[in-house]
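A quick write-up on the structure given underneath.
Residue numbers (the UniProt record's numbering): 1 to 935.
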């Protein structure tokens, strides 16, 4: 056994067949295989689970009592295992305050950076706000030639219970003899001799007069005089200098104030929206409040005010507000015929907030508030209430004075809104003094490193204020990867679950570079992956299979993949066969023709650049482009929501666009098939989702013992009382709440995880009870039922067959939906739609259906998608996988880049048309695929 490897002996978790393997330490290893072959069982349920167990065992007995005892994975032993860190493809935060900046720790470093070297500027004079020390005043004195006359003065501050005369008398008693008025020095005694009751108040008290001198005694005298002036002048003083070029006055203050405003001194809490000291008091650091929603008031931003863009001004009475604005518009140059989306910020401000002559939309709702005693006005207000950007902080989440603190001309609220790719250049060329650079050296290193890692994993289009909850699974995983790189841990195992998800082929090499960096600093990187480029770039590959479920779990190949491809040795590995070209995903070079279409006109949501896009009907269309180019915005936010609303479905308002045109009457239904779980209940499973469980319950209720005991089909459900175990309510496990820790699940002691009462489990069909039946895979169940099937058996087979057709034959019937991966959940939904056998023309939208799929599984998926088209439906896919792209009838390539540099149509046409487009990043990778496949 090598000391530089992880030795695994007899791994038997889930479907693993007692496998032994050796993984090299400090290397880049890929674990691959078809879906359900046992990859995740090896990587996460064996290697990572043992790493976690050892970590918990190393803690004190006091800490372990809160964590519980983690079970040892089923294997003989694992040797040479370093600490393990798992980075999974899950959006693992529900915190509404969590952002890209906070989750990567960049924002924490920014807070400290602004607290240490941030400069506060007055919003009135735009001059820097400083506390002036004695050294600042001495330094100013040295800027004049020796012998220059100076005077130390203060503004006279009169307490509320005194008159100016009384104050001057006190100054005289304290030893001060002169005051200054309009450039002249007067004796206090002469002023007091004036018997008039009213003495004008434009006086300043003279503290001292002296000349510029490098003599230590004179500097000491100036220091004493300034200290006195600060004391008498409430920490403010004036130095008047009679120079060769005229008289100059210099204002100095020990207060952090300017232009009559007292500013807060920068500290890290001031920039923290999770702390009351920094958080905006209106939205409490969330950036949004429950108020009048712009999207509800103006749902269609392509309309002008004249075209009734302002929804609340419809009707006989409310339209008076619109008429009033139309009447006033020429006087204030407000364009009533310009679409709302094209209005400038000042024009929108006028529309919402008005001026002295016009109350604006907000004024309209204040009028509604004044009439709240009438029910119709309460209903009106409720109709337009929703989450809206906080009017106080503008969504920045921080108090207003934070914007006055700047570094290199940028405030922290501006920095978090800049895309990461641009932010790298800003921080690399930050204009700060040498002293500040020394103070901020370590902070800038940490910030620059993390920005570099984020950009390298293809997330340069994100901004630091982007909410973590809005990220996709792939984006979330790559952020975690960048955070791990930033933490610079060494001597650990990093286990990643398909980090290439959501990544265009152009960015895969950048991801490989990042993974290599993680390995080169002294870590072992294990990646569960199907991407060809990542597999070829690895040092070592482990292929689990050959097939899925009970036909998988074997070690098919381990070693260097390039060696396996070059040697041409016989192998059972699907992976090697596909990479050698022995197997390939076939496609028809004859693309389906189309005439009918649906067109999105002037799409302008997020970064989309006012584009018109036609989606053909009756064929397979793939929308592709680099990450952040605008694919999801176009398909998910505009096409799906607009068409769903047209069909009468209840969905949120679609993204900004002019209209939806084309053959809309052809579409009778629309389905968005994403990777969200198929059910919210832990009792939900594939059998219940496809309605097969209803027939299975009927089958068991027809058995002789069931009839004898009076068991109806409901007795075989774990969702209703009767036959289910009441101790665990049909869950099979008991959840123990751990207060401040994650909850712990333990097996139910009554039913021992079987979920049903003993008398129900006594009912058997061909030697299997309901628990045994649900423990079978889809393939096993179909084989079992095909032996002399009756009417009910045929119905169950018909319901389960679509799961087999989409490549999910390895999934157990009773497997909880919460344990299915995103890709598996998506294919269960696809199976459900296939099982429906809809005849009405339905438009199906799939969001990256190849997630978690091996080459071998993609071929199966394509058969299912083509089956939908053959039934007369339309399929639109958001995808980066080249095997899906080459199989499409029509491609829409969005880009050319992500974020602000995206949002245009780069190319559209057949795969052959796209491959010839020089501007397309997709073409570069697609062309070799078409050439290779045509051989």
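Quick reminder that beta carbons are idealized off the backbone N, C-alpha and C, glycines included.
Just so it is clear, the structure is predicted and the values come from calculations on it, not from any experiment.
Option nearest residue i by Cα separation, candidates the options
| i | options | result |
| --- | --- | --- |
| residue 929 | 587, 251 and 483 | 587 |
| residue 54 | 33, 85, 42 and 21 | 85 |
| residue 485 | 105, 143, 595 and 702 | 105 |
| residue 416 | 859, 318 and 110 | 110 |
| residue 811 | 380, 133, 773 and 790 | 773 |
| residue 893 | 180, 924, 118 and 114 | 924 |
| residue 108 | 465, 784 and 870 | 465 |
| residue 115 | 254, 406, 161 and 205 | 406 |
| residue 381 | 365, 869 and 389 | 365 |
| residue 530 | 299, 45 and 850 | 850 |
| residue 446 | 269, 424 and 431 | 424 |
| residue 386 | 454, 377 and 289 | 289 |
| residue 42 | 27, 16, 34 and 26 | 16 |
| residue 716 | 45, 769, 427 and 682 | 769 |
| residue 403 | 266, 779, 904 and 800 | 266 |
| residue 324 | 307, 357, 293 and 583 | 357 |
| residue 560 | 573, 281, 779 and 542 | 542 |
| residue 525 | 554, 489 and 502 | 489 |
C-alpha distance - residue i paired with residue j, whole-angstrom precision
| i | j | result |
| --- | --- | --- |
| residue 646 | residue 8 | 57 Å |
| residue 634 | residue 615 | 11 Å |
| residue 544 | residue 10 | 14 Å |
| residue 862 | residue 884 | 8 Å |
| residue 217 | residue 122 | 36 Å |
| residue 808 | residue 563 | 32 Å |
| residue 295 | residue 471 | 22 Å |
| residue 347 | residue 395 | 20 Å |
| residue 557 | residue 729 | 44 Å |
| residue 127 | residue 643 | 54 Å |
| residue 131 | residue 230 | 12 Å |
| residue 291 | residue 29 | 52 Å |
| residue 204 | residue 144 | 23 Å |
| residue 870 | residue 839 | 11 Å |
| residue 113 | residue 286 | 23 Å |
| residue 87 | residue 641 | 32 Å |
| residue 914 | residue 625 | 12 Å |
| residue 947 | residue 843 | No answer is possible for residue 947: the residues shown for the chain start at 1 and end at 935. |
| residue 58 | residue 18 | 27 Å |
| residue 675 | residue 826 | 5 Å |
Neighbour-count burial assignment, residue i, 16 or more Cβ in a 10 Å radius
| i | result |
| --- | --- |
| residue 314 | exposed |
| residue 2 | With a pLDDT of 46 at residue 2, under the threshold of 50, the modelled position of this residue cannot be trusted, and the question is left open. |
| residue 899 | buried |
| residue 878 | buried |
| residue 372 | exposed |
| residue 935 | Any reading at residue 935 must be qualified, since the residue scores a pLDDT of 43, below 50, and its modelled position is unreliable; no value is offered. |
| residue 943 | The displayed coordinates of the chain run from 1 to 935. Any statement about residue 943 would go beyond what the structure contains. |
| residue 181 | exposed |
| residue 332 | exposed |
| residue 631 | buried |
| residue 77 | exposed |
CB-CB length for residue i against residue j, believed under 8 Å
| i | j | result |
| --- | --- | --- |
| residue 753 | residue 732 | 4 Å |
| residue 459 | residue 420 | 6 Å |
| residue 757 | residue 725 | 6 Å |
| residue 620 | residue 279 | With 8 Å as the limit, residue 620 and residue 279 do not qualify as a contact, their Cβ atoms being about 49 Å apart. |
| residue 803 | residue 828 | 7 Å |
| residue 797 | residue 787 | Actually they are not in contact, since the Cβ atoms of residue 797 and residue 787 sit about 11 Å apart, beyond 8 Å. |
| residue 552 | residue 779 | Rounded, the Cβ-Cβ distance is 11 Å, inconsistent with contact. |
heavy atom of the ligand SAH below 7 Å from residue i C-beta
| i | result |
| --- | --- |
| residue 828 | Ligands displayed in this structure: none; no statement on the ligand SAH is therefore possible. |
If we require 4 or more residues per run, which alpha helix (DSSP H) segments fall completely within the region 486–553?
Scanning the region 486–553 for uninterrupted alpha helix (DSSP H) segments of 4 residues or longer gives 505–520 and 532–537, listed from N- to C-terminal end.
Which runs of the beta strand (DSSP E) fall wholly inside the region 648–678 and span at least 3 residues, in chain order?
The qualifying runs are 659–662 and 669–673.
Note down, one range per segment and in chain order, each alpha helix (DSSP H) of at least 4 residues found wholly within the region 404–473.
Correct list: 412–415, 420–428, 434–439 and 441–456.
If you scan the region 238–301 from start to end, which runs of the beta strand (DSSP E) of 3 or more residues do you find wholly inside it?
Counting only runs of 3 or more residues that sit fully inside the region 238–301, the beta strand (DSSP E) segments are 246–253 and 288–292, in chain order.
At 3 residues or longer, and completely inside the region 130–159: list those beta strand (DSSP E) runs for me, N to C.
The region 130–159 contains these whole beta strand (DSSP E) runs: 149–155.
Output the residue ranges of the alpha helix (DSSP H) runs that lie fully inside the region 547–615 and measure 4 residues or longer, sorted by chain position.
Complete alpha helix (DSSP H) runs here, min 4: 561–567 and 574–580.
Secondary structure, alpha helix (DSSP H): runs of 4+ residues fully inside the region 24–111
Within the region 24–111, the complete alpha helix (DSSP H) runs of at least 4 residues are 39–42, 49–57, 61–67 and 100–103.
Quick one: complete beta strand (DSSP E) runs, 3+ long, within the region 372–406?
Fully enclosed beta strand (DSSP E) runs of 3 or longer: 385–389.
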